[in-house]
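Note sheet for the following structure.
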Amino acid sequence: MKLSRCRFDAVSAIVRKDFLLNLRRRATFAAMMMFALTATASLSLSTGGALLDEKFLAAILWVVIFFAAGAGIAGTFDDEAQAGTLPTLKLYGDAQAILFGKMFVAFLSLVALSTFILPIFLILFDVGVEKIFLLLVTVLLGLIGLSAAGTLTAALTTSAAVKGGLFPILLFPVTLPIFLPAIRLTEISFTVAPVDSSLLVVVAAFDAILILAASILYDYL
9 MKLSRCRFDA VSAIVRKDFL LNLRRRATFA AMMMFALTAT ASLSLSTGGA
59 LLDEKFLAAI LWVVIFFAAG AGIAGTFDDE AQAGTLPTLK LYGDAQAILF
109 GKMFVAFLSL VALSTFILPI FLILFDVGVE KIFLLLVTVL LGLIGLSAAG
159 TLTAALTTSA AVKGGLFPIL LFPVTLPIFL PAIRLTEISF TVAPVDSSLL
209 VVVAAFDAIL ILAASILYDY L
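Residues 9 to 229 in our numbering are what the sequence shown lists, from first letter to last.
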């Protein structure tokens, strides 16, 4: 019980630290928002107001979220790497506390990103949502898996010289099993088609697998 309490305190401290740093700097968060806004607006203008298939619209939404998230999550460990304070951070909290603290901050950032871009996307593409609750649950489940995979990938690529190109290459195949059912669920939320609950189970299962894999592998980084 005491160990669990100490780990919770360590995770909370890391979350507070990163949250305060992001508030002061705001550059990473602004980059995510501007990329998502620019990509959404550009794609909307390029379609010329044409009616698009719901599956295509769902795919566009997740592509925008994926690359916008990459602009922010890729630098999850940059502050510690540049300042050389990551070993000191590991002295304060164990590897699991660091991982889950960073993962939670990444998830909060992605929730804020989605809250910002989702209404803009629906307006610019003139998308009608038939099942808003399904859409919100799908987005949240997708963001959980993206946060887990993105945090681990960021740790792997922290020292890479070409991190900007390497990060999405490594992240995409890991998150593809989440994106495929998430795109289908998003498509269903745009239509009156019946909900396939098995797809939600698949996304949730892959979320659990990614979190577990990140927890196991991070100890060896």
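Beta carbons are placed, not taken as given, at the ideal position from N, Cα and C, and that holds for glycine.
### Message
At the level of alpha carbons, what is the spacing between residue 157 and residue 107?
### Response
By one-based count along the sequence shown, residue 157 stands at place 149. By one-based count along the sequence shown, residue 107 stands at place 99. In a straight line, the C-alpha of residue 157 is about 11 angstroms away from that of residue 107.
### Option nearest residue 184 by Cα separation, candidates 162, 153, 203
The residue you call residue 184 lines up with position 176 of the sequence shown. Cα-wise, what sits closest to residue 184 is 153.
### Query
Under 8 angstroms, do residue 121 and residue 40 count as touching if we go by C-beta distance?
In the sequence shown, the residue the question calls residue 121 occupies position 113. In the sequence shown, the residue the question calls residue 40 occupies position 32. Contact flag set, yes.
#### Entry: Beta-carbon proximity of residue 186 to residue 67, cut-off 8 angstroms
Against the sequence shown, residue 186 aligns to sequence position 178. Against the sequence shown, residue 67 aligns to sequence position 59. Taking 8 angstroms as the Cβ cut-off, residue 186 and residue 67 do not qualify as a contacting pair.
### Query
Are the region 193–213 and the region 113–128 in contact at 8 angstroms, needing three or more beta carbon pairs?
no
### Task
Counting only runs of 4+ residues fully inside the region 129–154, write out the alpha helix (DSSP H) ranges in chain order.
none
### Query
Where does residue 48 fall in DSSP's three states?
Indexing the sequence shown from 1 puts residue 48 at position 40. The answer is helix: DSSP assigns residue 48 an H, G or I state.
### Query
Under the rule that 16 or more other beta-carbon atoms within 10 Å means buried, what is residue 150, buried or exposed?
The residue given as residue 150 occupies position 142 in the sequence shown. Buried is the call here.
### Query
Is the beta carbon of residue 124 sitting closer than 8 angstroms to the one on residue 75?
Along the sequence shown, one-based indexing puts residue 124 at 116. Along the sequence shown, one-based indexing puts residue 75 at 67. No, the pair does not count as a contact, with Cβ atoms beyond the cut-off.
### Message
Using 8 angstroms as the threshold, is the C-beta distance between residue 213 and residue 162 below it?
### Response
Locating residue 213 in the sequence shown gives position 205, where the first residue counts as 1. Locating residue 162 in the sequence shown gives position 154, where the first residue counts as 1. The answer is no: Cβ separation not under 8 angstroms.
### Query
Helix or strand or just coil, what does DSSP make of residue 109?
What you label residue 109 is simply residue 101 of the sequence shown in a count that begins at 1. Correct three-state label for residue 109: helix.
### Counted within 10 angstroms of its Cβ, other Cβ atoms place residue 135 as buried (16 or more) or exposed
On the sequence shown, residue 135 is found 127 positions in, with the first residue counted as 1. Buried.
### Task
Could you tell me if the beta carbon of residue 127 falls within a distance shorter than 7 angstroms of some heavy atom in the ligand GTP?
For the structure depicted, the ligand GTP is absent and the ligand set is empty, with no information on it obtainable.
### Message
Using 8 angstroms for Cβ pairs, my map puts residue 69 next to residue 27. What's the rounded Cβ distance?
### Response
Taking the sequence shown and counting its residues from 1, the one referred to as residue 69 is at position 61. Taking the sequence shown and counting its residues from 1, the one referred to as residue 27 is at position 19. Actually they are not in contact, since the Cβ atoms of residue 69 and residue 27 sit about 26 angstroms apart, beyond 8 angstroms.
### Message
Assuming contact is defined by CB atoms lying nearer than 8 angstroms, are residue 132 and residue 201 in contact in what I supplied?
### Response
The sequence position of residue 132 within the sequence shown is 124, counting from 1. The sequence position of residue 201 within the sequence shown is 193, counting from 1. No, these two residues do not count as a Cβ contact at 8 angstroms.
### Query
Taking residue 22 as the reference, which of 54, 182, 58, 113 has the closest Cα?
In the sequence shown, counting from the first residue as 1, residue 22 sits at position 14. Checked all of 54, 182, 58, 113; the closest Cα to residue 22 is 113.
### Task
Reducing DSSP to helix, strand and coil, say where residue 199 ends up.
By 1-based counting over the sequence shown, the position of residue 199 is 191. Residue state, collapsed to three classes: coil.
### Message
Comparing C-alpha positions only, which one of 72, 146, 79, 188 sits nearest to residue 174?
### Response
As a position in the sequence shown, residue 174 is number 166, starting the count at 1. Nearest option by C-alpha distance: 79.
### Message
What does the Cβ neighbour count give for residue 211, buried or exposed, with the cut at 16 atoms within 10 Å?
### Response
As a first step, residue 211 is located in the sequence shown; it is residue number 203 there, counting from the start. Under this definition residue 211 is a buried residue.
### Query
For residue 69, does the three-state DSSP call read helix, strand or coil?
Position 61 of the sequence shown holds residue 69. Helix, per DSSP.
### With 16 other Cβ atoms within 10 Å as the buried cut-off, status of residue 11
On the sequence shown, residue 11 is found 3 positions in, with the first residue counted as 1. Summary for residue 11: the model assigns pLDDT 44, below 50, so the residue's position carries little reliability; its value from the coordinates is reported in the next sentence. Exposed, because fewer than 16 other Cβ atoms sit within 10 Å of the Cβ of residue 11.
#### Entry: Per-residue burial, residue 215 [other beta carbons within 10 Å of its own, 16 or more giving buried]
Sequence index remark: in the sequence shown, residue 215 carries index 207 (1-based). The residue in question, residue 215, is buried, as its Cβ has 16 or more Cβ neighbours within 10 Å.
### Query
Under three-state DSSP, which class holds residue 82?
Residue 82 sits at position 74 when you count from the first residue of the sequence shown. DSSP places residue 82 in coil when its eight states are reduced to three.
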